[in-house]
Each structure stands twice: as structure tokens, then as C-alpha cells.
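Chains as they are written, first to last, in my numbering: chain Z, 19 to 639; chain U, 19 to 639.
Protein chains: 2
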Amino acid sequence: MQYHLNGFHSGDPSVAPETAQSDHVDVLIVGCGPAGLTLAAQLAAFPDISTRITERKSGPLEVGQADGIACRSIEMFEAFDFAEKVLKEAYWVNEVAFWRPQADGKGLHRADRIQDVEDDLSEMPHVILSQARVHDFYLDVMKKSARRLEPDYNRELATLTRTDDTEFPVTATFKCLDTGAIETLRARYVVGCDGARSVVRRSLGHTLKGEAGRQLWGVMDVLAVTYFPDIRLKCAIQSAEHGSLLIIPREGGYLVRMYIELDALNEDERAADRNVTAEMLTEKARAILAPYTLDVKEVAWWSAYEIGQRVCDVFDDVPQSDRKTRTPRIFIAGDACHTHSPKAGQGMNVSMADTFNLGWKLAAVLHGQAQPALLHSYSQERQAKAKELIDFDRDMARLFSAKPKNTEEAAQFQSYFKKHGRYTAGVETRYEPSNIICKGAHQALARGLKVGMRFHSAPVIRLGDGKPVHLGHTLKADGRWRLFAFAGAGDTGQPNCQIAQLCQYLRNDVASPIKRYTPHGHNIDSVIDLRAIFQTAHQEVQVDSLPDLLLPTKGRYGLIDYEKVFCSDLKNGPDIFDHRSIDRARGALLIIRPDQFIAAVQPVGDFDTLANFFGRFMIPQ
Amino acid sequence: MQYHLNGFHSGDPSVAPETAQSDHVDVLIVGCGPAGLTLAAQLAAFPDISTRITERKSGPLEVGQADGIACRSIEMFEAFDFAEKVLKEAYWVNEVAFWRPQADGKGLHRADRIQDVEDDLSEMPHVILSQARVHDFYLDVMKKSARRLEPDYNRELATLTRTDDTEFPVTATFKCLDTGAIETLRARYVVGCDGARSVVRRSLGHTLKGEAGRQLWGVMDVLAVTYFPDIRLKCAIQSAEHGSLLIIPREGGYLVRMYIELDALNEDERAADRNVTAEMLTEKARAILAPYTLDVKEVAWWSAYEIGQRVCDVFDDVPQSDRKTRTPRIFIAGDACHTHSPKAGQGMNVSMADTFNLGWKLAAVLHGQAQPALLHSYSQERQAKAKELIDFDRDMARLFSAKPKNTEEAAQFQSYFKKHGRYTAGVETRYEPSNIICKGAHQALARGLKVGMRFHSAPVIRLGDGKPVHLGHTLKADGRWRLFAFAGAGDTGQPNCQIAQLCQYLRNDVASPIKRYTPHGHNIDSVIDLRAIFQTAHQEVQVDSLPDLLLPTKGRYGLIDYEKVFCSDLKNGPDIFDHRSIDRARGALLIIRPDQFIAAVQPVGDFDTLANFFGRFMIPQ
């Protein structure tokens, strides 16, 4: 954490100095779910962007439906600086147990027990925590931001219209559910994060396409006494006669979530038609778990739902045919554009990833840093990923509901479950080449850091203070691009070596993206933030002889920022160069997007390619 | 974190359900410094204890003097559940550099650079963070407690009298500095945490004894630009001509603290007589750092002080001669009973350790669990430690101020500095044998876990959910005693093995301390909390066949607590048995005090010794 740059202030450093509010709305976010709050927290990082976020409900969520938090989401929470709060309160999914009928068909036995997340998939674990708490942490980030952003509750979106106004082309009217008044807002951009029954989606004329669910499932959070031995492990249980049960232990050490297979629905039936009750779910869970007893003491929450996998064709207001001539002003995200079953634990995670993708793009365009055409990439990138998710979820749901005819089929489910660990961890997302994702011609320079995928962190030592840190944790949700320059052999930043030449170029060349795109008077790292990583022990790098750009002077006093340079951690295990297969002889330069995705891997000395990359979508200042 | 035991509640789990306030005062704490707040936070853990804490100042501290936080203090913060907040905001002291004059007497050179804290001294680092922030975290713990404890500011203690009242024998009068009113309070116990000019100490007639300081030092927190390369490392700098300087980088990446040697004071002089200014300090620092430049942009805080090492003979209101006939009602802690120089970074840490020692004892006596004579041990244990600190500090200050005549003398300072790393980390504290610290006849069963010292944590796997955790982090500041039963070879908790026999004894025997001292209707682990640690892989321990006491049913629903059993972490490095030299053949039983100190190491099967230990000071229920 860096603070005190512009003078010493006492108190909580996570609270930003308050800025004046403005009347206009740059971005209107409809809906306070995970997608809406991720976007609001992202935009709150920018004191000059005015955001409004509205919610139909009368206050913050108290009991959440979603609870599975993928490794990738916690990496993102780290960018928002609240990962440690989630890690503290959450249940950690360390292992998964698979239970199947005994050979004689009577009772259950543990067929396998495996690690839930494979080693070094992420520095973060897979955890379970009430969605309501995740909301709380986002609300806290928003409230501490310069604009002290808080949701407007009791606002039901009535109409949404795109006008010809060039500045504020979207008009929204809300019914205030507490007072009955009608409120009208004009905004530059609107993002509909208003769930599966999205009014924003409807106003765009988009529909969710795909299969409606036919398989009925029940879910309940219970406080219960059982001597089933794996009650504090994630368990997939397939009984001989009574269907399947998924056990997900919850935070706090006592609460347990159970997903219970119910019957298939008829063609024209909805979940509500079956009059499912908590007692029915309890009965069914008991039958599946037998001969283990289950004594439910309290049902904290329960629901019944049908599995459906549906997705919109496009996530903004520009039809395919118009994409060359106009840029989007209205977007949809999260459940508003894709729905799926909850069991793979993907809903909340994918929704947050949607708006983490969108937030920095909106900010870059609002700041006049990037061309508005950049906004097309949101629907392009995220719609493709939503489609992938729907397909995955459909396979998964089918396998889960299929009654295994024999041991082979049961084992098949188990193997599928394992194989998709990476997918459910959220770290498999790979965006296709575009003007913000290079083709990866130089991928061989850093084989473990894939172009189009999120930067996979590894430990390093920070040079200035010798602190062991995770390199990826420098990737904060602050809208900045990062250049990670991994030095080749023997390069410790001394003059004439490659890193010094890169700094020389970035600092002085007229074509340098740092020079071209950083507004006058802003800190030199405010748009593109260079970090260097050396292979040598940190004691051997001379701070005195580093290039200026790696010791930049910043803020009103011109204080030196000592957190730009890192070295291999040679004391503990393989260093980052080995860990991520970085070419030790040649080094590598990574261009990393503000959402932590790797846009390019290229040679350190290939300045033209670097300049060309940013030239495709940035606006010179 | 465990919660939802007595039913599901939404919201922040660190906020306790509120209890009714009472008019009487069990413990009155005078002073809101680190000692006072540690005690208040400790007592706030008990809804049935009524605490008041008063402060002369009109509100919370905003700019703190102390900043060094020893590893041991962070271990304690973990017990109060806010270690992660400190770790996040603080500067981490990873290395220390020693600078000395060049051989030709001109300029400086780095003579050495060493790791600040040796490996595996603690799972926590040595950090630097403003005392004000530590206060904030304690205040937060207090405010979230059942009694929503908050300080009464603007209260200046006027008089303190011990009366003959058997219930509330101490009467305090306060002047309310905001209203001018006089307030009278009667309390069962009073603890003076009111600093070096303690009114409580004066009311007891105690005095600080020792040497007054003669060496003048300046200290300042600055935002500055310098090309001195180690400005983000802790540095001890000895110049040829201008004296010594200690650089302590501060939190946030930019702020730096400098301790600057000034002149020796004359016999009758005080620091204030010298009219020290921030400019003088800056000039002096500049001279010491030359030829490196120092451009101070802002002085956030500064002070000048003389070094003095003084301590009281006794830390309570019972003279040595009366200790057999009466028990203490008034205590003093922190600067009220010991003062020392700030440079060794011990003041705040030792003050917090004082009241962490006292808090659980007060709670145990107020709860009727322990005999009031237990309270004698506070002064006995902590006065001895304060004395040690004073001696250490005197040596350290002398060495720091001594102008090294030659390289050998300079190297001597350096070696002393290294040697005392353990001491300054706060982990060397060892209490003498007493009725709450055994003599250590069986120390050989766990050579790395010393009787009289704090439990030195190590990683283990929690059986119930397979989570890698630190065993020491189960030692929360909740007033409970812990029994850590390390199983001998082959013992996995199955019937007839040693652990099962221990459980059988503790559960059923009339002499069992759990049976004798746990009040009727309380959870079975509410006074003495048994945990077992097995040597085998956690996958090999059968949860179903564990003794009841290791799967206790608790709370209004009788829910099972699955967090009592741990196993060796065989995947990562040496396991806890190797790490802490625990006898693999015989195992070991540790009795751990509520303040994390090891009271006894004994054979697992020696039930009589176990019963006798608690019999010395506990009261049967």
C-alpha cells in the first residue's frame, strides 16, 4: 500500500480525500448485484468520473444466493484491496470428496478425495462466502472513495431511451418505490446489471436464448448435526436410489449448503408449480445421506430452481451491422445477459468478471485516453466467454443429474469434475486476438504467461525494501496499463543494458507511449506503469545506478517511488523466471491491461511493436 | 473464524450481539494508550464484565509517537483478530543496513546488510505502523464487542482511593475537561495505563527508579527526497564527525522516520532547555548523511527527548510484606511503571504485553474461575520483564551513542544489534516458574516449545476441512486455557490410544479439570479447550472414530465443532513435530495460558500432574 505521496495525513489510508459531487452522470449502473457493484467500485477509483448506481430493493442484500468464490475472483478482490477480508471470513475449499453407493447398493462409501484446486493454479484459494458479505466489501470500497459513492435504493427502472444528445445520450426514468415519485436521469453511459429479468435488456430488445431448465433442484443452507464424516468437505454424493446431493460447507465452521436433486419438470411446469418446501428438501437430503443421519436444527435459507442455460447474442446496444459506424452507450452484464445453474459456482464470478472487463474501458474513454471504439470489445470478449460458460454448465448439469448406471459412469463424472477444476477456478478465460490482445508471436519468451489470459502471479522480492511480495498484486484496479519488463541474463538495470535502453526510449522518444498518452502534469506512471524484474539477488542490484524511470519522482513534492523494481526470490523455491518459464537469456516485455489480462508478450527491445500496440486504440494527449 | 453456532445471522460476523449495559464497573482503565486499549479489548471479549476506559485527551490519537511493532505483538494482534489489518498497512522491516565512515574518513559506505528477523523466529514479521492506527484497530474491536465499549474522553483522573468496601473497593474521581464537572466512579479493579506521569502511580506512592536521561535525541517523520540508496531500509548510520542516525522507513512507501543523535545534556538540563527545532534536526541529519543529499519536503511530526531508563519496584497496590494477606485491586502498566528510549522499538510492545498478561487474570477472577491470589502474578511476571528491558535498553542506548573509535568497535555495535534481534522481536520473554508456570521437568518432550515462553506457532492441517492453518492462531484472546495434545507415534485418536484415554479422563473423571472448572450449562471448551495434533496425514485419520471430546457438541443446537483436531502438514517442509522438536514416540501435552504462554509441557498420560496444575489457582464450579 502506498500513501502520504502528497503529504502526510493521519487516519485510515484507504479513505480517499473527498471531492465535490457533480450533477451530471457519466455512468449510470442499474442494479446492485455483483456485476453492478464491481463496476461501481472500479469507477469509484476515479475522482473525476461521476457514477450513479441504483437498486430496486430498499437496502443492501442481507442473505445471498451465490456463495462460491473462484480463485480468479479473489485475485480481482486483491486488485480492489479487500481480498484479505474475504480470505478471513470465508470457508476454504481445500478438498473434494466423492461418495457413491456401496457395491451391494446399501449405503455410501467415499470413492475418492482430491485436492480442490491444483497447485500453483493461483496464489488465491477457492472459497465460499455469502454474496452479501462480498457486497458489503464492495460498498465499503465505494464509500471510502473520493466521491463517497453509495447506491440509490428503492429505484425501479421504468424506461430507458437513447436520444440524439451527443454528451448525455441516454435518458432513464425511475419510479422511487419509497416515495412514489418519478426521477429522470441523463447519462453518458448506462450499464444494466439488473439480473435475469433485466429491464435494460428488455429496453434494448435483446432476449436470452437457450434451453429453459427442466431439471428441478433444491438448495438450502442449514445448521445441522450429522455424523457423516465429510460434512466439512465439499462432497458430491450420488446415492443408489435417491439421486444426488452436493455438500458445500459454509463460512463460520457450522453452516452447510446442500444442493439436492429433485424430479425433472414436465414440459410446461415451472419450479414454483411443485410447491417445494424446506421440509421436502430436508427429507430428500436425509434419504440420500442414509444410513448417515441428518438432524437439521435451522434452515437459514432455501430455494428451488430449474436449471436453464441462456445467453444474449450481444451485450450492448449496437447491432452487429452498425459496429463500424457507431459505438455503444448501453451495456448489459451479469445475469442480465447470461443465466446458468448455480452448482458450478460460476454465476457471481462470471458476472463480476464481466464488469471488471468493462470498467477500465469506460474509464479510459471517459478520460479521453482511448477511442470510444474500444467499448466494442466488451461485448466481443464477454459474450464469447458467456457462451463457453453456458456450454460448460450444460454438460456439468447433465452429468450431475444423470443417474450413474455403473461404476464407470460414476468415475466419468468424477473425472470431468476434476478436469474442469481450472475452468471453475476462473483462470482459464482467454480472450481472442483483437486490437487489445496481440496474436502472441513471441509467446515463447514467457511460456507460463499466456497472451489473452490473466497475469498469473508469482513471488518476487521488492528491491527498495527487500520485501517478499506477489508481483501480480501490483496490478491494482486503478485503470492503469502495466509494462512488466523481465530483464535478460546479466541485466541489472545498469546503463547500456536492455532495461536501461527501454527506459531511455520510454522516457525520451517522441514515439514512446508513455510520452504520447500521459497527460501533461500527471505522474509519469499514471497511464502506463513500468515495472522491472531482475534475475539477480536483490542485494546485488545497485539502486543508485537504476534508470530514472524506475525511480520516478511523483506528486506535489516530487518524492521518489521505490516500488517499481523487483528481483527474483532466490531463497524460496523456483524463482519467477523458472516458475513462469520466462526466457532467461532474452527476458520479455509484457503489456498488461488494467483488468490484469496479458495483452502482449514481446522482446524487451522491440520498441516499434510496443508503440504500435497502444497506437491502435489510444488517443495522444 | 467460527460463527453461526447459535443460529444464522447475516452481516459482519466480527460484531457481537449487543448486551445490556450495567451501572457498576468491574474494571476501570485509566488511559487510552497501547496498554489501556489492549486491556480494554481483552476485557471486551467478555459480555458479563463491565469495563470503563477513560482518557484525558478529547479524542483518539491522530499522530502517534511509537511505530515499531515486534513480531510478538503481531502474534498477539492475531489473537485479537486484526493482525491482517496491521500487516496490510505497515512497512515491513525485512533487512537492516549498517553504514559507517569510509576508510579515509570522507563519506559513508554500507558495511553490512542483514536480515532483520531470523528465519522461523515467528510466523509474523517485524513492522512499522503509526501507533494511532494500532489504537484504531483496538477501538474497532472494542466497539464491535457485546458491550460496544468506547472510551470516555476528556476525563482527567483527580483522586484514587482504596476503601473498605468488599465489592467495589476503589473510588476514582475525574474532572471532566469538557464540562468542568466532577465524576465519581466506584470499581472492583483499577488499572493505571496513564503514562509516564501516571496519576494512578502517584496515588499508590510508587516512583520510577533509575537513571534520568543525559543523551539528547531528536526524532522526526519526514517526506524527503534523497539519493541515499537504502532510504527504504532500516539503517543504522554512524558518521565520522557528526554522530549517529537511525533510519526507519514508515508505512505508505514515502514517509521516513529518523532518530538523530544530538549532544549530551548537562547535569541539570532537560530536553526542553535546548530549544531543539525541526530545522536543527534536518541540518544534523543532512550532515550525518553527507555526501548524500537530503531534501526534506515536509516534517509530519518531530520531537526531542532524553534517554532515561526507569522502572517501579512493584506494579500493584500490595507491598511485598502484605502479599500473603491481601490481593491487589489497583495496578499500573506500560509507561506508568517503566520508561525507556524509543529506539529499540520496545515501548509500545512491552506496554501491550503488560496488559495482555493482566487481562485474562482479571477476567478469570471476576468470573470466579480463579482465586484472587492469581493477580499477584501480574506484578511478579511483568516487573521482572520490565527490569530486563531497562537493562537491555541502557546497553543499547550506550552502544548507539558511543562514537566508535575504530572498525572493531563499530563492528561490536553491529554484532550486539544482531544478537538482540530475538529480544527486540519480543519472543524471548520467559516467565519464571510459579504456580502458573511449571518447572519444565518434561521440557525434553517438546524442546522447541519452551515452558514459560509464548507458544511458537507452526503450520498444521485442520482435519475437518483439510485447511492449512497456523496452530498458534487457535489461541484467541478469549480467556480460555488450551491443552494441546500432540499424539505419539501411531496414535490417530482411535480407542485405547493415549489421546482417546486423555479424552476419556477429561470427559469423565471426577478429578478432570474440564469437569471441575467448567460451569454448568457452559460449552465444554469454554474454560479449558482441548486440541489434538496427530502425526499422520490428515486423510488417514478417521473422523468417525475420534473421541467425543474432539468433536464436541456446542451451543443452543448442540452443533458439532470440527476444529479441534489437526494433523502434520506433510506436503510443505518439516512438519510441526520436527519443527518444534516434539517427541515423536511419546508425544507431549502442553498447557497454554490464555495469553499464549506455555505453562507446562508434560507426558500425555500424566493426568494427576494435569489436575494438580489447575488445582493450584482455579476454583471448582
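Just so it is clear, CB atoms sit at the ideal spot from N, CA and C, and this is done for glycine as well.
Item                                                                                                                                                            : Value
Rounded to whole angstroms, what is the Cα-Cα separation between Z/Gln512 and Z/Ala503?                                                                         : 14 Å
Pull up the distance between the alpha-carbon of U/Asp331 and that of Z/Glu558, whole angstroms please.                                                         : 50 Å
To the nearest angstrom, report how far apart U/Val487 and U/Asp99 are at their CA atoms.                                                                       : 14 Å
At which residue ranges does the segment 338–404 of chain Z contain complete alpha helix (DSSP H) runs of 4 or more residues, listed in the order of the chain? : 365–384
Within 8 Å (strictly less), CB to CB, does Z/Ala318 reach chain U?                                                                                              : yes
Can you list the residues of chain Z that U/Pro565 reaches, using a CB-CB cut of under 9 Å?                                                                     : Here the premise fails: no neighbours, minimum Cβ distance about 14 Å.
Mapping the DSSP letters down to three states, classify U/Met471 as helix, strand or coil.                                                                      : coil
Run through DSSP, which three-state label would Z/Arg118 get?                                                                                                   : strand
Return the first residue and the last residue of the beta strand (DSSP E) that U/Tyr310 is part of.                                                             : Segment: none, U/Tyr310 is in no beta strand (DSSP E) and carries neither H nor E.
Whose CA, out of U/Pro638, U/Thr72, U/Lys193 and U/Gly51, lies closest to the CA of U/Phe155?                                                                   : U/Gly51
Can you give me the C-alpha to C-alpha distance between U/Thr492 and Z/Tyr109, rounded to a whole angstrom?                                                     : 16 Å
Answer with buried or exposed for U/Asp239, where buried requires no fewer than 16 other C-beta atoms within 10 angstroms of its C-beta.                        : buried
Taking 8 Å as the CB-CB limit, is U/Tyr86 close to chain Z?                                                                                                     : Before going on, a small fix: residue 86 of chain U reads as Gly here, not Tyr. By this cut-off, U/Gly86 is not an interface position.
Residues of the segment 475–487 of chain U in Cβ contact with chain Z at a cutoff of 8 Å, in chain order, please.                                               : Gly482, Asp483, Gly484, Lys485 and Pro486
Which residue or residues does DSSP assign as beta-bridge partners of Z/Arg602?                                                                                 : Beta-bridge pairing links Z/Arg602 to no other residue.
Under 7 Å between beta-carbons, which chain U residues line up against Z/Arg131? List them in chain order, please.                                              : Gln557
Report the residue from Z/Leu501, Z/Asp483 and Z/Gln519 whose alpha carbon sits nearest the alpha carbon of U/Asn112.                                           : Z/Asp483
Name the chain Z residues that come within less than 8 Å of U/Asn112, Cβ to Cβ?                                                                                 : Asp483, Gly484, Lys485 and Pro486
Less than 8 Å between C-beta atoms, sequence neighbours within five positions excluded: which residues of the same chain meet that for U/Trp117?                : Leu126, His127, Arg128, Ala129, Asp248, Cys253, Ala254, Ile255 and Gln256
With a threshold of 8 Å between beta carbons, is U/Tyr580 in contact with chain Z?                                                                              : yes
Z/Arg465: buried (16+ other C-beta within 10 angstroms of its C-beta) or exposed?                                                                               : exposed
Check whether the Cβ of Z/Lys17 lies closer than 8 Å to any Cβ atom in chain U.                                                                                 : Coverage of chain Z is limited to positions 19 through 639, which leaves residue 17 of chain Z absent and any answer about it impossible.
How far does the alpha helix (DSSP H) with U/Met160 in it reach, from first residue to last?                                                                    : Gln149 to Lys162
Tell me whether U/Ser433 sits in a helix, a strand or coil according to DSSP, three-state version.                                                              : helix
Run down chain C in chain order and give the residues with a C-beta less than 7 Å from the C-beta of Z/Ala150.                                                  : Absence of chain C from the displayed structure is noted, the protein chains being Z and U.
Since Z/Val469 contacts Z/Ile455 with CB under 8 Å, what's their CB separation in whole angstroms?                                                              : 7 Å
Taking contact to mean at least 3 C-beta pairs separated by less than 8 Å, is the segment 139–153 of chain U in contact with the segment 70–83 of chain U?      : yes
Give the DSSP bridge partners of Z/His127, in chain order.                                                                                                      : Z/Arg118
CA-CA distance, U/Cys89 and U/Asp340?                                                                                                                           : 37 Å
Could you name the residues that DSSP lists as bridge partners for U/Tyr109?                                                                                    : U/Ile146
What is the DSSP secondary structure of Z/Gly490, counted as helix, strand or coil?                                                                             : helix
Apply the 10 Å Cβ neighbour rule to Z/Glu279 and answer buried if 16 or more other Cβ atoms are within range, or exposed otherwise.                             : buried
Does the beta carbon of U/Arg250 sit closer than 8 Å to a beta carbon anywhere in chain Z?                                                                      : yes
On the DSSP letters alone, give me the boundaries of the alpha helix (DSSP H) that Z/Ile532 sits inside.                                                        : Pro531 to Tyr535
Which residues in chain Z sit within 8 Å of U/Lys161, going by Cβ to Cβ distance?                                                                               : Ordered by position in chain Z, no residue passes the 8 Å Cβ test against U/Lys161, which lies about 14 Å from the chain.
Step through the CB atoms of chain U and report whether any lies within less than 8 Å of the CB of Z/Lys75.                                                     : no
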